[in-house]
Amino acid sequence: VVLPKTWPDPLRTRDPRAPDVGAIPRGTEPWPVGIRGRLNVFGANHEPSRDYKPQPWTAPLEKETSSRRAVIIEGYPAFDAPLIAYGLRRRGIPVEVIERKWLEPKDFQNYDLVVIDGNFTRAGTKPDRFRPEDLPHLRQFLQAGGTLLLMRERTDLFATDQGRKFLMEIVGTGQREQQTELTILQKNHPWVRHLAGEKSPEWLRSKGMSPLRTSRGDVILGSPTGAAVLYRVPVGQGQLIYVGWTVASALPSGRKPSTVEAENKFETQATILWNILDDVFQSKRSKTNHLRD
Numbered sequence: 090v091v092l093p094k095t096w097p098d099p100l101r102t103r104d105p106r107a108p109d110v111g112a113i114p115r116g117t118e119p120w121p122v123g124i125r126g127r128l129n130v131f132g133a134n135h136e137p138s139r140d141y142k143p144q145p146w147t148a149p150l151e152k153e154t155s156s157r158r159a160v161i162i163e164g165y166p167a168f169d170a171p172l173i174a175y176g177l178r179r180r181g182i183p184v185e186v187i188e189r190k191w192l193e194p195k196d197f198q199n200y201d202l203v204v205i206d207g208n209f210t211r212a213g214t215k216p217d218r219f220r221p222e223d224l225p226h227l228r229q230f231l232q233a234g235g236t237l238l239l240m241r242e243r244t245d246l247f248a249t250d251q252g253r254k255f256l257m258e259i260v261g262t263g264q265r266e267q268q269t270e271l272t273i274l275q276k277n278h279p280w281v282r283h284l285a286g287e288k289s290p291e292w293l294r295s296k297g298m299s300p301l302r303t304s305r306g307d308v309i310l311g312s313p314t315g316a317a318v319l320y321r322v323p324v325g326q327g328q329l330i331y332v333g334w335t336v337a338s339a340l341p342s343g344r345k346p347s348t349v350e351a352e353n354k355f356e357t358q359a360t361i362l363w364n365i366l367d368d369v370f371q372s373k374r375s376k377t378n379h380l381r382d
């Protein structure tokens, strides 16, 4: 649709030969505007329906991303769950939050990402750990391309003989250390590349770190012997990710005004979460496009 020449256009002198046109997102129809929808957005007349009711416009991007879903299962306390939910929504990923309720692992297949944060026992959630009959469903979810993101100490979900064996088959068995020194082991990894120049951030030495002992997979933040606080291991087409500290604990709070240093400390840690989410859903998108090709 050619725009009227009377409309202000600071670029008209640069492209006098090409008419200025309006555009709408690909895949959509011109929506009605005006009184009872007598015109469409391009100004074309059409006879409005007597029972016309304005409908909210839905962005094509929302439709495009609706096939990728995430669920956050909260125990208590679940300090990082709101941060992850915020990050997912900012990326257009539909996310379901389940508070203090058990989600059957056979239903994990309905999601691309399952995040578990918070202690189920303290939340009163029953069951409070994976049962032997849950483990085949969990393995199937991972091998089919799902991502399980466990926040700090949530390996307690494997606190049965069968669960410990299941987890050991995936992450291996790490060495015990008298004193664990955590550092950045993979400086060029996309999750922590923004920490370039820092050998060992101060927050990495805090008491809130809860390492996972491993001998397989990628230890991104941790010790050379396999104690991991930022960790990823592939399982079939999927992956298990572990974040062994509470990012939300770095949020500036209290009565004193926040400082630039405190805000930077939180931002560098939150960026790790954002990078994980970007990586998870970019990988999922790449696999989907590959299958289409």
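When the sequence shown is numbered by the numbering used here, its final residue is 382 and no position is left out of the sequence of numbers. Cβ coordinates follow ideal geometry from the N, Cα and C atoms, glycine included.
Is it right to say residue i is buried, meaning 16 or more other beta carbons lie within 10 angstroms of its own, or is it exposed?
i: Q358; result: buried
i: P93; result: exposed
i: P221; result: exposed
i: D201; result: buried
i: I124; result: exposed
i: P341; result: exposed
i: V349; result: exposed
i: G252; result: buried
i: R294; result: exposed
i: A325; result: The amino acid at residue 325 is misidentified as Ala; the sequence shows Gly. Exposed, because fewer than 16 other Cβ atoms sit within 10 Å of the Cβ of G325.
i: T248; result: For the sequence presented, residue 248 should be read as Ala rather than Thr. A248 comes out exposed.
i: V203; result: buried
i: V122; result: exposed
i: R127; result: exposed
i: R157; result: buried
Our contact map puts residue i next to residue j with C-beta atoms below 8 Å; I'd like the distance itself, whole angstroms only.
i: V260; j: T303; result: 4 Å
i: F392; j: R180; result: Missing from the structure shown is residue 392; the chain here goes from 90 to 382 and no further.
i: V184; j: L192; result: Not a contact, Cβ separation roughly 13 Å.
i: R241; j: G333; result: 5 Å
i: G311; j: V318; result: 6 Å
i: L246; j: R228; result: Incorrect: roughly 14 Å between the Cβ atoms, too far for contact.
Going by the DSSP bridge assignment, what does residue i pair with across the sheet?
i: A317; result: L301 and G311
i: E188; result: E163
i: T272; result: G311
i: I205; result: I162 and L239
i: Q328; result: T236 and P323
i: P121; result: N129
i: R134; result: First, the amino acid is wrong: residue 134 is Asn here, not Arg. Paired residue(s): L128.
Taking 6 Å as the limit between beta carbons, can you name the residues of its chain near residue i, skipping five residues before and five after?
i: Y331; result: L239, L301 and Y320
i: Q268; result: none
i: G207; result: E163, G164, Y165, P166 and A167
i: Q198; result: F230
Within its chain, find whatever has a CB closer than 8 Å to the CB of residue i; leave out the 5 residues flanking it on each side and keep chain order.
i: G315; result: G261, G263, Q264, R302, T303, S304 and V308
i: G327; result: F230, L231, Q232, A233, G234, G235, T236 and L237
i: K288; result: T272 and I273
i: V186; result: V160, I161, E163, A170 and A174
i: T244; result: L256, L301 and Y331
Starting from the C-beta of residue i, find all residues in its chain whose C-beta is less than 7 Å away, skip the five residues before and the five after it, and write them out in chain order.
i: D223; result: P194
i: L172; result: V336, A337, A359 and L362
i: P279; result: N364 and D368
i: W292; result: A339, K354 and Q358
Quick one: any contact between the segment 227-245 and the segment 266-284, if contact means 3 or more CB pairs under 8 Å?
no
Does the segment 203-218 touch the segment 128-135, meaning 3 or more C-beta pairs lie closer than 8 Å?
no
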